[in-house]
Structures are given as structure tokens and as C-alpha cells.
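Worksheet: the structure to be examined is printed underneath.
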Amino acid sequence: MKKVFFFLIILAVINPVISQNAPIDFEAGGFGADWTWTVFENDTNPPLEIVVNPDPSGINTSETVAKFTALQLGQPFAGVESLHGSDIGTFDLTTSNALVNIMVYKTKISDIGIKYATPSGGAQMELKVANTLINQWELITIDFSDYIGLGETTGLDQIIIFPDFIARDADDVIYFDNISFGPFEPGEIIELPVDFELDTDYGLIGFEGAESSVVSNPDMSGENTSETVVETTKTVGAQFYAGTAMGLDSPINFSESESISIKTWSPKADIPVRLKLEAAGGVFVELDTTTTLENQWETLTWDFSGQTAGINFTTVVVFFEFVPDLPGDGSTYYYDDIEVAQALSISDYESFSVSSFPNPVNDTWNVSSVDEISQINIYNILGENIKTVSPHMNTYSLDMSHFNSGIYLMKIVSSKGEANTLKVLKN
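Position one of the sequence shown corresponds to residue 1444 (my numbering), numbered consecutively onward.
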């Protein structure tokens, strides 16, 4: 499986005859810290430093890491290389080591490149992958499987790393660590819709105090009777932005609809759940919606209308109780069935009867219908979806005290798929 956003560290496969010295962890007694590293094409070529981890959190809590200072006057392809022979050892590129995993910490988005060389200096072109996160550790996977048996792939004895493959307008510092080599094993393609029922690695990563994994469904009732779901615990003291990320092998297809739905289970009602979609180059969109039920499954929907055209989103990030400055309290949440919400046909949008008051509104806006209200999408006058709630009841009260003054459009959708849009003035 080719996945850039891949968070499982695969340890090197050791061959008794020819093998790589790995993982390269830059720790005392490990590999990398005492190797002979040579910096090249970096103006004055400041040496590679082995330093204390500047941010021992998230996916990398190790003590020491490598520090590369990329100078403004250095070439975009400035890098660092190990000593031929004695450092990484001698090895062939095979299916057992075709995936290179490297943790990076960067302050900007740029490519990181890797290539290998033979004792005579023969090498293939480097392969490059850009980081998607800044100011935190990220695990990047570079896939060499397409190059097995082609060109210089046997008798390799040097690794060459390009930490910041980009033209620079200022000096920059890049940290990297925990380089490992794992097998290329074609597996299940992770793409939407995803229901977490496959016996495969979904590459889930909890961060900033969120702990997440695929588990048995603890409440096989109501809207979700599936067997397996994602469990995420927002540990005590976790950052309010603690969440869970999952990379996709294929970009999300928004051709039929620009809404994403997820089944969620929360011990609390009326908490915000943020959904963030990420693309390459630091591009992202994010929206909040609110839980309406406690201790039971419900389906939440995020409407990204007008925000997805021409963008290949390949990472899904879910944040429960996204309230600024509110630390985690140990609550456990579940989610399942992430999918592009089915677009409603024209006939589905037939109006149904609703009533609401007051209008204008100062604090609380109330809406009711003889039919169950499944969802309310709230848009500002620019047509931007600023909030979505899922009442699943006939009456609902919306707190608008924190809304800015102005006109809002309330698209109310019934459990039958019928819709009605009301214009509301907020004082």
C-alpha cells in the first residue's frame, strides 16, 4: 500500500548475509549517532548535529535526533550522506526493505528526499515526499518498490538524505529521526467510504493526548450495529485540539456531494465535533458540528459546499469536544462509517412544513415540525456553512447568542429527506 500519511513504524528486516544497519535512531548504542555523516551543497556545509529532541511528544518521544541546518545560500538539493560501507552496511533493494520510514520535524512544507548509492557512487534519482504537518513530528513513508531490480539497486552501501529539497529565502532547521526500512506488502486500499470492518491497518494516529484504535463496537444498537469501530479517548489533560488522523490511498471523491457523514457515539450531548480534511502543501478545510445525543449512536454531517473543487483531500482528522482551552477529561468516544453523504435529488428537496420563532432573534431560535428534524445546516449571507446540528427530534432550540449580527439561512432537513430553508435575522 502506498500511503504518505503512514504512521506505523516498520522495523528493518535483517538479512543474515547482506543487510542494513537499522533503525537509524541516533541514540547512544543505536545506529546513526556515531556514523560519519558528510553535508554537501549547503554553502559552508555546517555539520549534521545529534541533539536533544526539541519536541519529545506525539509520535516521537525519543531522546536524541538529527539536526540539519539548511542555509539560504545552499542548493535546494543540499543534503547529508553516510560513509560508504561501514555505516549503513551493504544491502540490495528488495521487497523486504522497499519502504523507507523517516520521522521529520519541520517549520514549513517542503520535500524530503532519499536515495542510495553504491561504493563507486552509482545511484538512482532520489525519491521525494513532502511533509503535511509543521511544528510537530510526522512520519513520512517513501516507497522504492517500483525501482526494485532497475539500475543501481544491488550492493548499495550509502544512504543520502535531502531534508529540505526546496529553494530557500532564509536559513532553516530540520530535524529527522527513526529511519527504518520495511517490506512492501500490497494491502487493502483505504478510501471512502470506510467502515473499519477489514482486517487491515488503517494508519490511525492519535495526537496531542488522543489515544485511538479499532475496537469491537461497544453498543451494537440504533443507527450502528456494525462489529468494529474506532475508539478514541481524550486523555486527562489532553490538548483541546487532540484528535485522530487517518490517511487515505485515494483522494475523496466529491463529484456527487460535498458533504461527509460519520456515525458517532459520545458520552455527552451538545459538544462540538470538528472534521478536518487535509491535502498536500498544507491545504485544508475544517468544520464543526454538534452532537445531540449521549450514550447512543447518531449520524453527523459536515457540509463543505464550495470548498472542495480541484483539491485532492487524502487525510481525515476527527476532533471530539473541540473547545478552545478545554483540556481532555478522559472521555471515550467512538466513530464509524466515514463516507461522502448521499446527495439529495431534486425530488428529495420538496419543502415540508416548519415553524420557528423569534425572528429577529437575540439569543435562542426555536424551530419545530410535525416531522422529525434530522439536520439543520446554517449558512451565512455568503453561502458559507458555519454550523451543522443533527437534532433527530421534532423541536429544537439553537443558541445564537454568540452569532454575529446579520442574516442567516437555515436549511432544515427532515428524516424523510425533505427540506425547507428559512431566513433568520440575528440582532
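Just so you know, even glycine gets a beta-carbon here, dropped at the ideal spot from N, CA and C. Predicted, not measured: the structure shown is a model, and the values here were computed from it.
{"Item": "Same chain only: Cβ atoms within 6 Å of Y1548, ignoring 5 sequence neighbours per side", "Value": "W1580, Y1618"}
{"Item": "Rounded C-alpha distance that separates L1536 from V1543", "Value": "11 Å"}
{"Item": "Continuous beta strand (DSSP E) stretch holding I1633: start and end", "Value": "Neither: I1633 is in no beta strand (DSSP E) and is coded neither H nor E."}
{"Item": "T1538 versus D1586: straight-line alpha-carbon distance, rounded", "Value": "10 Å"}
{"Item": "Cutoff 6 Å; reference V1616; Cβ partners in own chain excluding five residues on either side", "Value": "T1512"}
{"Item": "Buried/exposed call for I1850, threshold 16 Cβ in 10 Å", "Value": "exposed"}
{"Item": "CA nearest to the CA of D1746, picked from N1828, K1706, T1479", "Value": "N1828"}
{"Item": "Closest by C-alpha distance to T1744, when choosing among D1638, A1610, E1782", "Value": "E1782"}
{"Item": "Cβ neighbour criterion (16 or more within 10 Å) applied to I1855", "Value": "buried"}
{"Item": "Residue environment, P1872, which counts as buried when at least 16 other CB atoms sit within 10 Å", "Value": "Missing from the structure shown is residue 1872; the chain here goes from 1444 to 1870 and no further."}
{"Item": "CA-to-CA distance, L1647 to A1685, given in whole angstroms", "Value": "13 Å"}
{"Item": "Cβ-Cβ separation, E1741 to E1666 (assumed contact under 8 Å), whole Å", "Value": "6 Å"}
{"Item": "Three-way DSSP call (helix, strand, coil) for S1840 in this model", "Value": "strand"}
{"Item": "Three-pair Cβ contact test at 8 Å for the segment 1835–1846 versus the segment 1752–1769", "Value": "no"}
{"Item": "First through last residue of the beta strand (DSSP E) which encompasses G1435", "Value": "Past the edges of the chain, shown from 1444 to 1870, lies residue 1435, and the structure says nothing about it."}
{"Item": "Helix, strand or coil at A1723 according to DSSP, with G and I counted as helix", "Value": "helix"}
{"Item": "Y1851 - DSSP class collapsed to helix/strand/coil", "Value": "strand"}
{"Item": "Buried versus exposed call for L1718 [16 or more other C-beta atoms within 10 Å across all chains shown]", "Value": "buried"}
{"Item": "M1568 burial status per 10 Å Cβ neighbour count (16 or more: buried)", "Value": "exposed"}
{"Item": "The segment 1515–1532 contacting the segment 1596–1603, beta-carbon criterion three pairs below 8 Å", "Value": "yes"}
{"Item": "Contact check, T1733 vs S1833, beta carbons under 9 Å", "Value": "yes"}
{"Item": "Pair within 9 Å by beta-carbon distance, N1863 and P1803", "Value": "no"}
{"Item": "Proximity of W1478 and P1490 at Cβ, strictly below 9 Å", "Value": "no"}
{"Item": "Buried versus exposed call for M1853 [16 or more other C-beta atoms within 10 Å across all chains shown]", "Value": "buried"}
{"Item": "Distance between F1727 and E1721 (C-alpha atoms, nearest Å)", "Value": "4 Å"}
{"Item": "Terminal residues of the beta strand (DSSP E) in which F1483 lies", "Value": "1481–1483"}
{"Item": "Unbroken beta strand (DSSP E) run spanning M1568, endpoints", "Value": "Where M1568 is concerned, there is no enclosing beta strand (DSSP E), given that its DSSP letter is neither H nor E."}
{"Item": "Rounded separation between S1553 and L1736 - CA only", "Value": "42 Å"}
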